[in-house]
Structure formats: C-alpha cells, structure tokens
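For reference, the structure discussed in these notes is given below.
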Amino acid sequence: MSSGSNGARRVASLLRPSRLDSGVCRSCQETIGRRNYASAAAATQSTTAAPDTTFPVVKPVYTINAGVVLSRPPQITRDLEPFEKAYHFYQKRLNERLALPFTKYFYFKRGTPADVDWKKKIAERRTPARDIGNYNAYASDAWNDELLMGSRESDPEYQVEKLVDDAESTANATSQDTSKKEEIPRPFSRVTEADKKGDFKSLNRLLPQTLYLLVQSKEGYWKFPSSPVVDEETIREAAERTLAESAGVNMNTWMVGYHPAGHHVYKNRKPHIDQATGAETHGEKTFFMKTRMMTGQADLSSNVQNLKDFKWLSKDEIAKHVLPQYYSYVKNMLADR
Numbered sequence: 001m002s003s004g005s006n007g008a009r010r011v012a013s014l015l016r017p018s019r020l021d022s023g024v025c026r027s028c029q030e031t032i033g034r035r036n037y038a039s040a041a042a043a044t045q046s047t048t049a050a051p052d053t054t055f056p057v058v059k060p061v062y063t064i065n066a067g068v069v070l071s072r073p074p075q076i077t078r079d080l081e082p083f084e085k086a087y088h089f090y091q092k093r094l095n096e097r098l099a100l101p102f103t104k105y106f107y108f109k110r111g112t113p114a115d116v117d118w119k120k121k122i123a124e125r126r127t128p129a130r131d132i133g134n135y136n137a138y139a140s141d142a143w144n145d146e147l148l149m150g151s152r153e154s155d156p157e158y159q160v161e162k163l164v165d166d167a168e169s170t171a172n173a174t175s176q177d178t179s180k181k182e183e184i185p186r187p188f189s190r191v192t193e194a195d196k197k198g199d200f201k202s203l204n205r206l207l208p209q210t211l212y213l214l215v216q217s218k219e220g221y222w223k224f225p226s227s228p229v230v231d232e233e234t235i236r237e238a239a240e241r242t243l244a245e246s247a248g249v250n251m252n253t254w255m256v257g258y259h260p261a262g263h264h265v266y267k268n269r270k271p272h273i274d275q276a277t278g279a280e281t282h283g284e285k286t287f288f289m290k291t292r293m294m295t296g297q298a299d300l301s302s303n304v305q306n307l308k309d310f311k312w313l314s315k316d317e318i319a320k321h322v323l324p325q326y327y328s329y330v331k332n333m334l335a336d337r
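What the sequence shown shows, in the UniProt record's numbering, is residues 1 to 337, in sequence order.
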C-alpha cells in the first residue's frame, strides 16, 4: 500500500466518529471519510484561488444606418445575343423545310386581286413566310439555310419591318380606295427619347434593365438613400422613414422582406468623439433594404437630408458614379439586368 493511501486512511480515521457510537460497518465509515476529505480539499482550493485580473473587451462603436435600394424592374425583355438571333432564325427556316407546301388555291381564287398580289410576293421572297428572307424550302438550294456573316435577316427589327411592309402592301392592294395609302401601326422602339437625350432622371430609359435610385449628398458623393436608425426603430421602419425623407412621398413602393439584402461598412480615419456624451464613434454600418418602385417619381424638393440631386442608374452606371470601396460592398446585391 502506498504512502498516499495510508495518509488518506489516517485522515478518514480522524474525521469519522467513534466505532462504538456508530452503527455502520468499517467500509462505509472509510467511504464517508473520503467524501469529507474531498469536500474539505475543494473548499481549501477555492479560498486560495488567485483573483481574476482580466478586463472586459471593449468593442468599437459604429453608427447604425438604414439604407434603401429602390429599383425599377425591367419593362421589356432583354436584347438577344447574336447566337440567339441566329438560332431562332434557323428554327424558322427549318420549320419551312418540315412543313407541307402551301396550297395557294385553297386560300386565293384564280384571277382575283389577292391571287395577283400573292404571285407578286412569292416571286420576290420565294416562300410563304414573310420574315425569313429570300429562301425556298423546296428548291435545289434548300440545304443552304444558314445566314452569312453580316446578314440582317435575323435581326428582330428587320423582321418587324418586313412584316409591317407586307401588311401595308396587302391592305393597299385589296383596298377599293386607291387614293389613300393605309399605314399599319409599328411597334414602339426599344430605345426611348430619354435614352437619346441622356435623361438620367427619367424612369422611361433603359427599358430592358433594372434601374436604381441614387442620391447625391451635400459633399458631392453618390450613394443609396440612408440615415441613422433612431430610438427603437427596426431596420425596415428606419428604411421607410429614410425613403420618405430623402425622395419624397410621391411614390408607390413595396419593400421586399424584413431583413437587409446587404451592408456597407465605413471606418473613420480617427474616432469621432461626441462632445455631449464623450463616446467614440469609429465609423458607420449601413444595412440596405430592397424596395420595388411601382408608380410615381422621386422628388428632392422637400428632403431633410440636404441632398443635391438624384439619378436612376443601371448596375454598370452605378460603378461609374460611386466610390470603388462603396461599389465593392453593394455590387453583389444588384441585378445584372
């Protein structure tokens, strides 16, 4: 038996009551003694522990701002890529090759003005289709159905013009009043007057892309509308107030969700000390809420943030107006189109 166990047995014998006065066996008395010895050792260790001298970590204080990413969604479909135009045009010519021949006398009676107009058009374009160019699916060169480089037949604008011209010629050929030429309404252009004039304040520009509202501060920097969170406001409530204070109330908007879509951190070169409270502010943290524009227009005439100007910009245009550090934070929450 080791000396350590002998010492523990002696201490246990001193702590336990007399064997004559106890009604328990020897093994139980030794167990009770070991428990008393362990509790006494724990109490001694707790009283001799060194006091904790670590200091609490003070985190830097930042001003919390609520920002608004107000967007106008695309109004029309995007422009097709050259490969997409070529693919759709190829499908149209392939359909002509797979379709049955056009039975003209089922639709046009011989000798009628419609029959004469049909023969004139089929001699020019060689096919009943009006938007696939000069192509005959049953001729000896029907295999040559791919366009050459630089051909305009696959452009949607060219196809629309051909369809309108064909409709006008048909209407004028079958009309009894030959003194008046009938004009077919053409589709609206994808390029608006605001695009031609470079009006960045108009919502009627860059119709295939998403536009975002940016405001110019009194220092001349472009940014999204933002302001500090006041009292017990939530980020959403502060964002709604910010939008009304900066861009006015003449807009019908819809805020998407209750959680921020992104954030921006600005650190001051030197901590800003509040003269009233003496607290140090190390910078600003802005949390952005996404908002959709339904109707209306921004109005800075009654803004309370001393804003100078506003613009509706696409993602590519935003990169040219804001600071690079600011754009690195907000670019991933902006739509590419």
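Where is the CB? At the ideal position from N, CA and C, for every residue including glycine.
Is the distance from the Cβ of K201 to the Cβ of F108 below 8 angstroms? no
Reduced DSSP secondary structure (H/G/I, E/B, other) of A335: coil
DSSP three-state label for P113, please. helix
Any idea if A137 is buried or exposed, counting beta-carbon neighbours within 10 angstroms, 16 or more meaning buried? buried
Taking only heavy atoms of the ligand PLP into account, decide whether any of them is closer than 7 angstroms to the Cβ of D299. The ligand PLP is not among the ligands present in this structure, which contains no ligands whatsoever.
By Cβ distance, which residues of its chain are closer than 7 angstroms to R78, with the 5 residues on each side in sequence left out? P208, R337
Taking Cβ to Cβ, would you say M333 is nearer than 8 angstroms to A239? no
For A43, which residues from the same chain have a beta carbon less than 6 angstroms from its beta carbon, with the 5 sequence-adjacent residues on both sides left out? In this predicted model, A43 has a pLDDT of only 49, less than 50, meaning its place in the structure is not dependable enough to derive any value.
Taking all protein chains shown into account, do 16 or more other C-beta atoms lie within 10 angstroms of the C-beta of T253, making it buried, or fewer, making it exposed? buried
Starting from the Cα of V256, find the closest Cα among R72, A194, K315 and give me that residue. R72
Determine the direct distance from the alpha carbon of Q325 to that of Y62, and round the result to whole angstroms. 18 angstroms
Could you give the distance in angstroms between the alpha-carbon of Y327 and the alpha-carbon of I318? 8 angstroms
List the DSSP bridge partners of Y158. Looking at the DSSP assignment, Y158 forms no beta bridge with any residue, so it has no partner.
Do you know how far the Cα of Y87 is from the Cα of D165? 24 angstroms
For I76, three-class secondary structure by DSSP: coil
Helix, strand or coil for F200, going by three-state DSSP, please let me know. coil
Buried or exposed: where does A41 fall if 16 or more other Cβ atoms within 10 Å of its Cβ makes it buried? Interpretation of A41 is limited by its pLDDT of 49, a score under 50 that renders its predicted location unreliable; the figure taken from the coordinates is listed afterwards. By the neighbour-count rule (16 or more Cβ atoms within 10 Å), A41 is not buried but exposed.
With contact counted as at least three CB pairs below 8 angstroms, one residue from each stretch, are the stretch 180-195 and the stretch 266-283 in contact? no
Where do the N-terminal and C-terminal ends of the beta strand (DSSP E) with F288 fall, by residue? 280-296
Just tell me which of L70, S314, V265 has its CA closest to the CA of D195. S314
If Y90 sits next to E153, beta carbons under 8 angstroms apart, how far is it from one beta carbon to the other, in whole angstroms? About 11 angstroms; that fails the 8 angstroms criterion.
Counterpart residues of T327 in DSSP-defined beta bridges: Sequence check: residue 327 is Tyr here, not Thr. DSSP output for Y327 lists no bridge partner at all.
For G220, tell me which candidate among N95, K197, L307 has the shortest Cα-Cα distance. L307
Counting along the chain, where does the beta strand (DSSP E) carrying D309 start and finish? 309-313
Rounded separation between E284 and V265 - CA only: 6 angstroms
Delimiting residues of the beta strand (DSSP E) encompassing Y212: 211-216
Grab the span of the beta strand (DSSP E) containing T253 for me, first residue to last. 251-255
Is residue 353 helix, strand or coil by DSSP? Here the chain has residues from 1 to 337 only, and residue 353 is not among them.
Contact defined as beta carbons within less than 8 angstroms: I believe V69 pairs with F287. What is the distance between those atoms, to the nearest angstrom? At roughly 11 angstroms, the Cβ-Cβ gap does not stay under 8 angstroms, so V69 and F287 are not in contact.
For E245 and N204, which I take to be in contact (beta-carbon distance under 8 angstroms), what is that distance rounded to the nearest angstrom? About 26 angstroms separates the two Cβ atoms, so there is no contact after all.
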